[in-house]
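Everything on this sheet refers to the single structure shown next.
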Amino acid sequence: MPYKKGKLLIYNFGEKGSDVKPRPSIVQDYVELKVQCLSTGSLFEDPLFPADNSTLFYSKPNQPSFTWKRPGEICNNPKFFVSGASRFDVQQGGLGIIRYRLVIL
């Protein structure tokens, strides 16, 4: 359901009018997910973006297996960006991540 911010009508990501086409009948509400994770003390695991090979190799079978880790499992003090963001931080690749790149920058 959209809400107003000043004169603007704001749509949640994936809602009609947000200019994003979600999978049919699946819209995730960030605020609801955050409250749920905080109340249960659990970390979010996205059912639409599973931490397995199907997410990385949707069009190529028999690819090597990876161990998925959260940032805190890789280093002690993880940071998303160091000294600000740059358009060169994310490179376009075979997975077609241009929309992701636009969202984070």
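Reminder that position 41 of the sequence shown reads as 41 in UniProt numbering, one-by-one numbering, no gaps. Every residue gets a Cβ at the ideal spot worked out from N, C-alpha and C, and that includes glycine.
Once DSSP output is grouped into helix, strand and coil, what is the label at residue i?
{"i": "LEU43", "result": "coil"}
{"i": "LYS34", "result": "helix"}
{"i": "ILE26", "result": "coil"}
{"i": "LEU56", "result": "helix"}
Measuring alpha carbon to alpha carbon, tell me which of the options ends up nearest residue i.
{"i": "residue 109", "options": "LEU8, ARG87, PRO2, ARG70", "result": "Residue coverage of the chain in this structure runs from 1 to 105, which leaves residue 109 outside it and unanswerable."}
{"i": "ILE26", "options": "ILE10, VAL35, GLY6, LEU48", "result": "LEU48"}
{"i": "residue 111", "options": "ASN62, SER86, ALA51, PRO64", "result": "As displayed, the chain neither begins before 1 nor continues past 105, which places residue 111 out of reach and without an answer."}
Write down the C-beta distance between residue i and residue j rounded to the nearest angstrom, noting that I regard them as a contact closer than 8 Å.
{"i": "PHE44", "j": "LEU33", "result": "6 Å"}
{"i": "GLY72", "j": "PRO78", "result": "6 Å"}
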